[in-house]
Amino acid sequence: MKIAIKRLLFIIVILGLWEGIHLANFYPDYIVPSPITVFDTLINGFIQGDLLTALGASFKHLIIGLSLSILIGTLLGVILGKSKQADETAGMYLIALQSIPSIVWVPLAILLFGFGELAVIFVVVVGGTFVMALNVRSAIHSVPPQFLRAARTMDARGFELFYRVEIPASIPYFIQGVRLAWAFSWRALMAGEFLSNGPGLGYSLSFAQDYARMDQVIGIIIIIGVIGAVVDQLVFSKLERNVMKRWGLLNS
Amino acid sequence: MFLELKDVAKTFTGEKQGAFEVFSDIDLSIEENQFVSILGPSGCGKSTLLAMVAGLESLTEGEMKLEGEQVNSPGPDRGMVFQEPSLFPWLNVQENVTFPLKHMYSKAEAQKRANDFLKMVHLSRFKEHYTYELSGGMQQRVAIARALAMDPKVLLMDEPFGALDEQTRHILHDELMTIWRETQKTILFVTHSIQEAVKLSDRVVVMGTRPGKIIADYSIDIPRPRHRDHPDVIQYEKQIMSLLEVEINKVLKEELNYENRD
Numbered sequence: 001m002k003i004a005i006k007r008l009l010f011i012i013v014i015l016g017l018w019e020g021i022h023l024a025n026f027y028p029d030y031i032v033p034s035p036i037t038v039f040d041t042l043i044n045g046f047i048q049g050d051l052l053t054a055l056g057a058s059f060k061h062l063i064i065g066l067s068l069s070i071l072i073g074t075l076l077g078v079i080l081g082k083s084k085q086a087d088e089t090a091g092m093y094l095i096a097l098q099s100i101p102s103i104v105w106v107p108l109a110i111l112l113f114g115f116g117e118l119a120v121i122f123v124v125v126v127g128g129t130f131v132m133a134l135n136v137r138s139a140i141h142s143v144p145p146q147f148l149r150a151a152r153t154m155d156a157r158g159f160e161l162f163y164r165v166e167i168p169a170s171i172p173y174f175i176q177g178v179r180l181a182w183a184f185s186w187r188a189l190m191a192g193e194f195l196s197n198g199p200g201l202g203y204s205l206s207f208a209q210d211y212a213r214m215d216q217v218i219g220i221i222i223i224i225g226v227i228g229a230v231v232d233q234l235v236f237s238k239l240e241r242n243v244m245k246r247w248g249l250l251n252s
Numbered sequence: 001m002f003l004e005l006k007d008v009a010k011t012f013t014g015e016k017q018g019a020f021e022v023f024s025d026i027d028l029s030i031e032e033n034q035f036v037s038i039l040g041p042s043g044c045g046k047s048t049l050l051a052m053v054a055g056l057e058s059l060t061e062g063e064m065k066l067e068g069e070q071v072n073s074p075g076p077d078r079g080m081v082f083q084e085p086s087l088f089p090w091l092n093v094q095e096n097v098t099f100p101l102k103h104m105y106s107k108a109e110a111q112k113r114a115n116d117f118l119k120m121v122h123l124s125r126f127k128e129h130y131t132y133e134l135s136g137g138m139q140q141r142v143a144i145a146r147a148l149a150m151d152p153k154v155l156l157m158d159e160p161f162g163a164l165d166e167q168t169r170h171i172l173h174d175e176l177m178t179i180w181r182e183t184q185k186t187i188l189f190v191t192h193s194i195q196e197a198v199k200l201s202d203r204v205v206v207m208g209t210r211p212g213k214i215i216a217d218y219s220i221d222i223p224r225p226r227h228r229d230h231p232d233v234i235q236y237e238k239q240i241m242s243l244l245e246v247e248i249n250k251v252l253k254e255e256l257n258y259e260n261r262d
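Top to bottom, those sequences are chains A and B. Numbering of the first sequence is given in the UniProt record's numbering, commencing with residue 1 and proceeding in unit increments. Numbering of the second sequence is given in the UniProt record's numbering, commencing with residue 1 and proceeding in unit increments.
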């Protein structure tokens, strides 16, 4: 409760300062709009449906792209985690690929697929896949050997050992991987959409920039930030905590 | 003979250090329904020996037979309880105990069997619980129930109570004695505690180190239940202690010499 009040006060102070700068008229309205204008723009955007369409499109890209990246990332991760050969051959390149900022893939996607949704989805997939693969790989490497020894004395071997012990034992790191893949995909999504022909939140942002609508720009930035925080806190953070607790990896 | 090890040796071959002999010339015959402890200082290879019986470690030399059959891989005829927690945290207590029963019994039978063995360790109340909700002692009791539920011919225990506090350890000793009497299992028990070995076993096999080998073999014929302050118990403990002191000093001396070698 006390924390909630602190946070609320903080945001009120920020909004107050912002309104103050706006009222002081140092800058024209199209550079520093009033927070009230931004709020109105957001409400109107939702009522007229433009923002809802953009949000819907963004979520469509994200869900398709993230699902694919989790799927491909898991497959790659399992191969690298299980096969020493594959890991020694390709593991290092995966780290290199993972360190490439997702916006770098946008020109490549546009040349390959044009300015449409396919290019956006491609960027999202690339954004999430490598981090997912790296996490699944370390998930498999970090299965406690004790579990494997115990399972072997209970007559589990081969594929059974894999799906009854290694897979469930990897779940905590797998969840961490999904959480990171989501965060990376979300960033990639915005980069991809910004340079696409829409629809999508990123496209709406670039549209607002073209028409010098600072109120819209700020409004959309706020939406993007809120969604990112809400999904991370309400979905992934909770899920991860529950899993870590059950798996005995949480100290408390 | 029930369980027989003949001329068994183990050598680890490391990439840097070269070959390292853990133990050699191990001859050991164990009768059915006996409670046998393997006692020794750390580094004597007693846990490696037990893992060999479990089929988790290969034999470098020699052979091992259980009821006349050659043993070289893990099997449900040998159940094992480890020192480290080895219950699966994604399964509840009952599911942990039914884990090894999947191929042997139908689901209903497996659950009934799990319940029976959880009753034996007094944990049937906790069958829906997950491992993070159990104390260390409770976890080891579930592990014992899990190993026994497979109905193994031999129960292998690798310092199963080593990580528990004194009080819990004594309670589990008594519980293990009851279980042993009820199930009539052959138990092979690895420990570094002389007191524990003398208190529990029909027979104590003492291993020495550098290189690992069997240096003594005691039959403990003190009536059960045994009390810590029983004069015979103390007598055995003293005898084994003086024997082991030589071994422990050997290790210490070697380590000290290593530090002072230049």
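Built from N, CA and C at the ideal position, the CB exists for glycine as well.
### Query
How would you write the range of the alpha helix (DSSP H) that tyrosine 132/B sits in, first residue to last?
In the second sequence, residue 132/B corresponds to position 132, counting from 1. Tyrosine 132/B -> no alpha helix (DSSP H), and no H or E assigned at all.
### Message
So if I threshold CB-CB distances at 9 Å, which residues from the segment 128 to 155 of chain A count as touching chain B?
### Response
Pro144, Gln146, Phe147, Arg149, Ala150, Ala151, Arg152, Thr153, Met154, Asp155
### Query
How about valine 206/B and methionine 157/B: do their beta carbons lie closer than 9 Å?
Within the second sequence, numbered from 1, the residue matching residue 206/B stands at position 206. Within the second sequence, numbered from 1, the residue matching residue 157/B stands at position 157. Their beta carbons are not under 9 Å apart, which means valine 206/B does not touch methionine 157/B by this criterion.
### Task
Consider the Cβ of isoleucine 175/A: report whether some Cβ of chain B lies at a distance smaller than 9 Å.
Against the first sequence, residue 175/A aligns to sequence position 175. False, the Cβ-Cβ gap to chain B never drops below 9 Å.
### Message
I want to verify the contact list: residues of chain B whose CB lies under 7 Å from the CB of glycine 248/A, in sequence order.
### Response
As a working note, residue 248/A is residue 248 in the first sequence. Correct list: Pro89, Thr131, Tyr132.
### Between the CA atoms of alanine 188/A and aspartate 215/A - distance to the nearest angstrom
Position 215 of the first sequence holds residue 215/A. Position 188 of the first sequence holds residue 188/A. Approximately 24 Å between the Cα atoms of the pair.
#### Entry: For arginine 78/B, the first and last residue of its enclosing beta strand (DSSP E)
For the purposes of this step, residue 78/B is identified with residue 78 of the second sequence, where counting begins at 1. Its beta strand (DSSP E) spans residues 78 to 81.
### Query
Taking the C-alpha atoms as reference points, what is the distance between asparagine 72/B and serine 37/B?
Sequence index remark: in the second sequence, residue 72/B carries index 72 (1-based). Sequence index remark: in the second sequence, residue 37/B carries index 37 (1-based). Near 22 Å, if we compare the C-alpha coordinates of serine 37/B and asparagine 72/B.
### Query
Of all the CB atoms in chain B, is at least one closer than 9 Å to the CB of isoleucine 171/A?
Stepping through the first sequence from its first residue, residue 171/A is reached at position 171. Isoleucine 171/A counts as touching chain B.
### Message
Using CA atoms only, rank isn't needed, just tell me which of Glu182/B, Arg141/B, Leu200/B is closest to glutamate 84/B.
### Response
Stepping through the second sequence from its first residue, residue 84/B is reached at position 84. Checking every option, the nearest Cα to that of glutamate 84/B belongs to Arg141/B.
### Query
Cα-Cα, which of Phe147/A, Leu201/A, Val243/A is closest to glycine 225/A?
Residue mapping note: residue 225/A aligns to position 225 of the first sequence, counting from 1. Comparing Cα-Cα distances from glycine 225/A to each of Phe147/A, Leu201/A, Val243/A, the minimum goes to Leu201/A.
### Message
Just to make sure I have the definition right: I need the residues of chain B whose C-beta is within less than 9 Å of the C-beta of proline 168/A. Which are they?
### Response
Along the first sequence, one-based indexing puts residue 168/A at 168. Within 9 Å Cβ-Cβ: Phe88, Pro89, Trp90, Leu91.
#### Entry: For serine 242/B, the first and last residue of its enclosing alpha helix (DSSP H)
Counting from 1 along the second sequence, the entry for residue 242/B is found at position 242. Counting along the chain, the alpha helix (DSSP H) containing serine 242/B begins and ends at 231 to 259.
### Message
When you compare the segment 121 to 129 of chain A with the segment 97 to 108 of chain A, are there three or more beta-carbon pairs, one atom per stretch, that lie closer than 8 Å?
### Response
yes
### Message
When you compare the CB of valine 38/A with every CB in chain B, is at least one pair closer than 9 Å?
### Response
Translated into the one-based positions of the first sequence, residue 38/A becomes position 38. Output row for valine 38/A: interface = no.
### Query
Does DSSP put lysine 10/B in a helix, in a strand, or in coil?
As a working mapping, residue 10/B is identified with position 10 in the second sequence. Correct three-state label for lysine 10/B: strand.
### Query
What does DSSP give as the partner residues of methionine 154/A in its beta bridges?
Taking the first residue of the first sequence as position 1, residue 154/A is located at position 154. Paired residue(s): none; methionine 154/A is not in a bridge.
#### Entry: Sub-9 Å separation of leucine 256/B and proline 41/B beta-carbons
One-based indexing of the second sequence puts residue 256/B at position 256. One-based indexing of the second sequence puts residue 41/B at position 41. No, these two residues do not count as a Cβ contact at 9 Å.
### Query
serine 252/A to phenylalanine 88/B, Cα distance in whole Å?
Working through the first sequence from its first residue, we reach residue 252/A at position 252. Working through the second sequence from its first residue, we reach residue 88/B at position 88. Here the model assigns serine 252/A a pLDDT of 49, short of 50, so the residue's position is not dependable and the matter cannot be decided.
### Task
For the segment 193 to 212 of chain A and the segment 55 to 75 of chain A, state whether three or more C-beta atom pairs, one from each stretch, are separated by less than 8 Å.
yes
#### Entry: Nearest to glutamate 4/B (by Cα), restricted to the options Thr11/B, Phe20/B, Glu31/B
The residue labelled residue 4/B in the question sits at position 4 within the second sequence. Among Thr11/B, Phe20/B, Glu31/B, the Cα nearest to that of glutamate 4/B is on Glu31/B.
### Query
Around the C-beta of phenylalanine 20/B, are 16 or more other C-beta atoms found within 10 angstroms, so that it is buried, or is it exposed?
By one-based count along the second sequence, residue 20/B stands at place 20. So phenylalanine 20/B ends up on the exposed side.
### Task
Please list, in chain order, all residues of the same chain as proline 74/B whose beta carbon is under 8 Å from its beta carbon, the five residues on each side excluded.
Here residue 74/B is taken as the residue at index 74 of the second sequence, counted from 1. Correct list, in chain order: Ala54, Gly55, Leu56.
### Message
Classify proline 33/A: buried if its beta carbon has 16 or more other beta carbons within 10 angstroms, exposed otherwise.
### Response
Within the first sequence, residue 33/A is the residue found at index 33, counting from 1. By the neighbour-count rule (16 or more Cβ atoms within 10 Å), proline 33/A is buried.
### Query
Assuming arginine 149/A contacts glutamate 240/A under a Cβ cut-off of 8 Å, what Cβ separation, rounded to an integer in Å, is found between them?
Here the question's residue 149/A lines up with position 149 in the first sequence. Here the question's residue 240/A lines up with position 240 in the first sequence. No, arginine 149/A and glutamate 240/A are not in contact; Cβ-Cβ is about 27 Å, not under 8 Å.
### Query
Hey, which unbroken runs of the alpha helix (DSSP H) at 4 residues or more fall wholly within the segment 29 to 112 of chain B?
46 to 54, 93 to 98
### Task
Output yes if chain B places a C-beta closer than 9 Å to the C-beta of residue 263/A; else output no.
What the structure shows of chain A is the stretch from 1 to 252, and residue 263/A is not part of that stretch, so it cannot be assessed.
### Query
Quick one, which of Met138/B, Arg203/B, Pro225/B has its alpha-carbon nearest alanine 216/B's?
Position 216 of the second sequence, counting from 1, holds the residue named residue 216/B. The residue with the shortest Cα to Cα distance from alanine 216/B is Arg203/B.
### Chain-ordered chain B contacts of lysine 6/A [CB-CB under 8 Å]
Mapped onto the first sequence, residue 6/A falls at position 6. None at all; the shortest Cβ gap to chain B is about 33 Å.
### Message
Using 9 Å as the threshold, is the C-beta distance between threonine 11/B and threonine 60/B below it?
### Response
Along the second sequence, read from residue 1 onward, the residue named residue 11/B stands at position 11. Along the second sequence, read from residue 1 onward, the residue named residue 60/B stands at position 60. Cβ distance < 9 Å, so threonine 11/B and threonine 60/B count as in contact.
### Query
Name the chain B residues that come within less than 8 Å of lysine 238/A, Cβ to Cβ?
Counted from its first residue, the first sequence places residue 238/A at position 238. Those within 8 Å of lysine 238/A in chain B number zero; the least Cβ separation is about 17 Å.
### Task
Determine the chain B residues that contact lysine 245/A at a beta-carbon separation under 7 Å, and present them in chain order.
Your numbering for residue 245/A matches position 245 in the first sequence. The contacting residues are Tyr132.
### C-alpha distance - leucine 148/B paired with glycine 79/B, whole-angstrom precision
As a working mapping, residue 148/B is identified with position 148 in the second sequence. As a working mapping, residue 79/B is identified with position 79 in the second sequence. Between leucine 148/B and glycine 79/B, the C-alpha separation is close to 7 Å.
### Message
Which residue marks the beginning of the alpha helix (DSSP H) containing valine 154/B, and which one marks its end?
### Response
The residue given as residue 154/B occupies position 154 in the second sequence. It is not in any alpha helix (DSSP H) - valine 154/B instead sits in the beta strand (DSSP E) that spans 154 to 158.
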